[in-house]
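Chains as they are written, first to last, in this note's numbering: chain A, 1 to 113; chain B, 1 to 106.
Just below is one structure, and these are the notes that go with it.
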């Protein structure tokens, strides 16, 4: 594809439900990042995948958050037992090993009622 | 404690003005990123710097590793430059500044 895509673009869920957010990085990009941006707040790093290395999970806010990257391409961010404070825009970015410039997806706006 | 500090938080300029946004960080880094977030929310990476200076069109980014400081300059500013500009560094993980909201008035 031409850029990073994310789905869904919007997700409304009830407190306590699990959600899965998907990121399709640019083909060939070895690095994939997940970020969160809460309303009126700055960007917050969540998790980073680089090739076949173990992911850097140091930004995940709780054990309700997890992410996978299958086949070195598509990534899924899962939030279990969602809470209202999880409401935010979840952004994915990818970069190649050559330049490290990050290309961002359009984000998924998650609203937990 | 914020690892990354940006200033100013808000900036209003007249079209054509020269604009400077500053970013300071507290620890050693390997690279610093400048990002642009438009009102619709989309984020674009403008620069990744590890030393010196980079230029792209009307945008110039500089970094001083010893002083742990970077600046983003916009020459001949235009209303379409109106956006939030975010500084980010990678230490153990990525840390972001709170952003500078720029409005350029025609």
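Quick reminder that beta carbons are idealized off the backbone N, C-alpha and C, glycines included.
Remember, predicted model here, so these are calculated numbers, not experimental data.
Can you check whether the C-beta of residue i is within less than 8 angstroms of a C-beta belonging to chain A?
i	result
residue 61 of chain B	no
residue 31 of chain B	yes
residue 28 of chain B	no
residue 52 of chain B	no
residue 42 of chain B	yes
What residues of chain A sit near residue i, judged by a beta carbon separation below 9 angstroms?
i	result
residue 45 of chain B	93, 95, 101, 102, 103, 104
If you draw a straight line from the C-alpha of residue i to the C-alpha of residue j, how long is it?
i	j	result
residue 87 of chain B	residue 23 of chain B	6 angstroms
residue 82 of chain B	residue 104 of chain B	6 angstroms
residue 89 of chain B	residue 100 of chain A	12 angstroms
residue 65 of chain B	residue 29 of chain B	8 angstroms
residue 11 of chain B	residue 72 of chain B	13 angstroms
residue 72 of chain A	residue 5 of chain A	15 angstroms
residue 37 of chain A	residue 55 of chain A	20 angstroms
residue 39 of chain B	residue 70 of chain A	32 angstroms
residue 104 of chain A	residue 41 of chain B	11 angstroms
residue 67 of chain A	residue 16 of chain B	45 angstroms
residue 18 of chain A	residue 13 of chain B	45 angstroms
residue 50 of chain A	residue 106 of chain B	43 angstroms
residue 57 of chain B	residue 81 of chain A	46 angstroms
Counting only C-beta atoms, is residue i closer than 8 angstroms to chain B at any point?
i	result
residue 89 of chain A	yes
residue 32 of chain A	no
residue 21 of chain A	no
residue 28 of chain A	no
residue 107 of chain A	yes
residue 43 of chain A	yes
Starting from residue i, find everything on chain A with Cβ-Cβ shorter than 8 angstroms and list it in chain order.
i	result
residue 16 of chain B	Per Cβ cutoff of 8 angstroms: no residues; residue 16 of chain B is ~29 angstroms from chain A at best.
Does any C-beta atom of chain C lie closer than 8 angstroms to the C-beta of residue i?
i	result
residue 59 of chain B	The question asks about chain C, but that chain is absent: this structure's protein chains are A and B.
Please name the residues in the segment 74 to 98 of chain B whose beta-carbon is closer than 8 angstroms to at least one beta-carbon of chain A, in chain order.
86, 88, 92, 93, 94, 95, 96, 97, 98
Extract the residue ranges of the beta strand (DSSP E) inside the segment 12 to 44 of chain B, only unbroken runs of 3 or more that lie entirely within it.
19 to 25, 32 to 37
Quick one: which unbroken alpha helix (DSSP H) runs of 4-plus residues sit fully inside the segment 57 to 92 of chain A? Chain order, please.
List check, alpha helix (DSSP H) in window: nothing returned.
Please specify which runs of the beta strand (DSSP E), each continuous and at least 3 residues long, are wholly inside the segment 10 to 65 of chain A, giving them in chain order.
10 to 13, 19 to 24, 31 to 37, 43 to 50
Please list the residues of the segment 51 to 65 of chain A that have a C-beta atom closer than 8 angstroms to any C-beta atom in chain B, keeping them in chain order.
56, 58, 59
To test your reading of the DSSP string, which unbroken beta strand (DSSP E) runs of 3 or more residues are found completely within the segment 71 to 105 of chain B?
83 to 90, 94 to 96, 100 to 105
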